[in-house]
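Visitor: Residue numbers (the working numbering), protein chains in the order written: chain A, 27 to 274; chain B, 27 to 274. Just so you know, even glycine gets a beta-carbon here, dropped at the ideal spot from N, CA and C. Note that the structure is a prediction, hence the values are computed from the model and not measured.
What follows is the structure in structure tokens.
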């Protein structure tokens, strides 16, 4: 952990709402797999955490979530939605920081660490969970100051996450499943034009189960939101599948 | 507004999370109407607000919501669920308190009001919205210390609410409509045994539109969660409607 990080914590207490944070579950989709963006923190030992941060007094909670997302992905225009608040009394980073200082006794001195300097970030934190859907091809992964690395992981194969972050992913996935069915948000994970098979594979990745081909096609067409595009006449026997797009 | 209220605010700052509150949209159902529980505050002029409160450092956010509900309704075992966080930068009670002090110049002096004493409650507040479903027949309405009165209002005929509380009700109603369809939470608003007609009337109240009788019955029976109870043999021609209950 860089000295800079403690300096940031020390100097920014009054710029932020106290005991309230935002954590983001950023979903992508590639090679028929639903993925989640996870930074590995630049701490002693391997520590993975959802991208998160504090809320500035001068920004709304949605603006804080957008800022956190943009800082890791370089993009703004993404689907972003609150899904749940995590507010148990024992939610705190105190143990994590204590472990860090125990593992590296020189650290406290190096950074002239006083309890007052970082006490505010070790208090109980209530965290607002946001989930985002992004087009992975448009994302430019950006390590933040305190990241050792940042990568996409299949949602079923995440590294061990700090605090209740695994529970956050589970809740975000449940919400995604509800919303993909009701509000058709899944189109944010597909290219503009897609085949019925590609759409079905997305649903299979999100729900982690197979969908029968004919039933799925009927269900999707019955929704009345898919526009079937004309095939181009090539002169050859035209065996290419139909392309669809979402009629917004 | 009682002196007690300011005293409460002054003395309890450090017992509570700062700049974070809970507001509750408590739904009831009676006479084919969906209703919301709204206290009228004991302020100068008519001020209606959702039941809400602060979060103690020693309780989870869910516990805070349960405490707030129980304090107004006298019941614990109710359906209660977060639905959205409201976190715009301008969310604050400052204007309301300023108006109050302006209307009653003696008040500040009476309560020995110092800016430090109540500054924390006039800062920006992020509020976590919960919605609850209660059986109105089991509720014993309880005015809290700062309530002038407390009553049920039809959801379409609410008094003018403070801050963004009307928006909170609108979002809560949207969530209820989603959940009644997906998670069948509506049964919390009905007695244990009900007729198909009573169930349909509940849906009509929640969605504020008629449902065709036959379609509705088919849709509900297709869900496979309703248990039809045997009619008692009375000897008379049995024209009473079937009763159903929810098979949990």
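Specify the secondary structure class of residue 45/B as computed by DSSP and reduced to three states.
Guide: strand
Visitor: In angstroms, rounded to a whole number, what distance separates the CA positions of residue 78/A and residue 47/A?
Guide: 7 Å
Visitor: Please list, in chain order, the chain B residues whose beta carbon lies closer than 9 Å to that of residue 9/A.
Guide: With chain A covering only 27 through 274, there is no way to say anything about residue 9/A.
Visitor: Evaluate residue 45/B with the Cβ neighbour count: other Cβ atoms within 10 Å of its Cβ, from every protein chain shown; 16 or more gives buried, anything less gives exposed.
Guide: buried
Visitor: Residue 85/A versus chain B: which residues are under 8 Å apart at the beta carbon?
Guide: Residues of chain B whose Cβ lies closer than 8 Å to the Cβ of residue 85/A are, in chain order, 115.
Visitor: Name, going along the chain, the residues of the stretch 148 to 162 of chain B whose beta-carbon falls closer than 9 Å to a beta-carbon of chain A.
Guide: 149, 150, 152 and 154
Visitor: Just grab the DSSP bridge partners of residue 176/A for me.
Guide: Residue pairing by DSSP places residue 176/A opposite 65/A in a beta bridge.
Visitor: Between the C-alpha atoms of residue 190/B and residue 117/B, what's the straight-line distance to the nearest angstrom?
Guide: 8 Å
Visitor: For the stretch 95 to 107 of chain B against the stretch 157 to 169 of chain B, do three or more pairs of beta-carbon atoms, one drawn from each stretch, fall closer than 8 Å, so that the two count as touching?
Guide: The stretch 95 to 107 of chain B vs the stretch 157 to 169 of chain B: in contact.
Visitor: Among 112/A, 98/A, 123/A and 166/A, which has the Cα closest to the Cα of residue 193/A?
Guide: 112/A
Visitor: Please name the residue in 49/B, 173/B, 229/B and 249/B whose C-alpha comes closest to that of residue 66/B.
Guide: For the residues 49/B, 173/B, 229/B and 249/B, the minimum Cα distance to residue 66/B belongs to 173/B.
Visitor: Exposed or buried, which one is residue 255/A when buried takes at least 16 other CB atoms within 10 Å?
Guide: Exposed: under 16 other Cβ atoms inside 10 Å.
Visitor: Comparing C-alpha positions only, which one of 245/B, 184/B and 83/B sits nearest to residue 51/B?
Guide: 184/B
Visitor: Using 10 angstroms around the beta-carbon of residue 153/B, count the other beta-carbons present and answer buried if the total reaches 16, otherwise exposed.
Guide: buried
Visitor: Could you give the uninterrupted runs of the beta strand (DSSP E) lying entirely in the stretch 161 to 233 of chain B, keeping only those of 3 residues or more?
Guide: 173 to 180
Visitor: With distance defined between alpha-carbon atoms, name the residue in 60/B, 101/B, 127/B and 84/B nearest to residue 42/B.
Guide: 84/B
Visitor: Mind checking which residues open and close the beta strand (DSSP E) that includes residue 108/A?
Guide: Unbroken beta strand (DSSP E) run through residue 108/A: 105 to 112.
Visitor: Hey, is residue 110/A's beta-carbon within less than 8 Å of any beta-carbon in chain B?
Guide: yes
Visitor: Contact defined as beta carbons within less than 8 Å: I believe residue 265/B pairs with residue 242/B. What is the distance between those atoms, to the nearest angstrom?
Guide: So it is not a contact: roughly 21 Å between Cβ atoms.
Visitor: Which bits of chain B does residue 76/A rub up against, with CB to CB less than 8 Å?
Guide: Chain B residues near residue 76/A: none, gap ~17 Å exceeds 8 Å.
Visitor: Using DSSP bridges, identify the partner residues of residue 152/A.
Guide: According to DSSP, which records beta bridges pairwise, residue 152/A is partnered with 46/A.
Visitor: Going by DSSP, name the residue or residues bridged to residue 52/B.
Guide: 158/B
Visitor: Under 8 Å between the Cβ atoms of residue 221/A and residue 109/A?
Guide: no
Visitor: Under 9 Å between beta-carbons, which chain A residues line up against residue 44/B? List them in chain order, please.
Guide: 43, 44, 45 and 46
Visitor: Could you check the C-alpha separation between residue 61/A and residue 55/A for me, to the nearest Å?
Guide: 6 Å
Visitor: Taking buried to mean at least 16 other C-beta atoms within 10 Å of its own C-beta, is residue 273/A buried or exposed?
Guide: Exposed.
Visitor: From residue 216/B to residue 122/A, what does the alpha carbon distance come to, in whole angstroms?
Guide: 47 Å
Visitor: Do you know how far the Cα of residue 214/A is from the Cα of residue 95/A?
Guide: 16 Å
Visitor: Going by the C-beta, is residue 132/B closer than 7 Å to any heavy atom of the ligand ATP?
Guide: Judged by which ligands are present, the structure shown has none, so any question about the ligand ATP falls away.
Visitor: What's the gap between the Cα of residue 27/B and the Cα of residue 168/B?
Guide: Summary for residue 27/B: the model assigns pLDDT 47, below 50, so the residue's position carries little reliability; its value from the coordinates is reported in the next sentence. Answer to the nearest angstrom: the Cα atoms are 18 Å apart.
Visitor: Put residue 237/B into one of helix, strand or coil per three-state DSSP.
Guide: coil
Visitor: Could you confirm whether any beta carbon from chain A is found closer than 8 Å to the beta carbon of residue 38/B?
Guide: no
Visitor: For residue 268/A, count neighbouring Cβ atoms within 10 angstroms of its own Cβ and tell me buried if that reaches 16, exposed if not.
Guide: exposed
Visitor: At least one CB of chain B closer than 8 Å to the CB of residue 27/A: is that the case?
Guide: Low local confidence applies: a pLDDT of 46 at residue 27/A is under 50, so the model's placement there is unreliable, with the coordinate-based value given in what follows. Output row for residue 27/A: interface = no.
Visitor: Quick check on residue 39/A: does DSSP put it in helix, strand or coil?
Guide: helix
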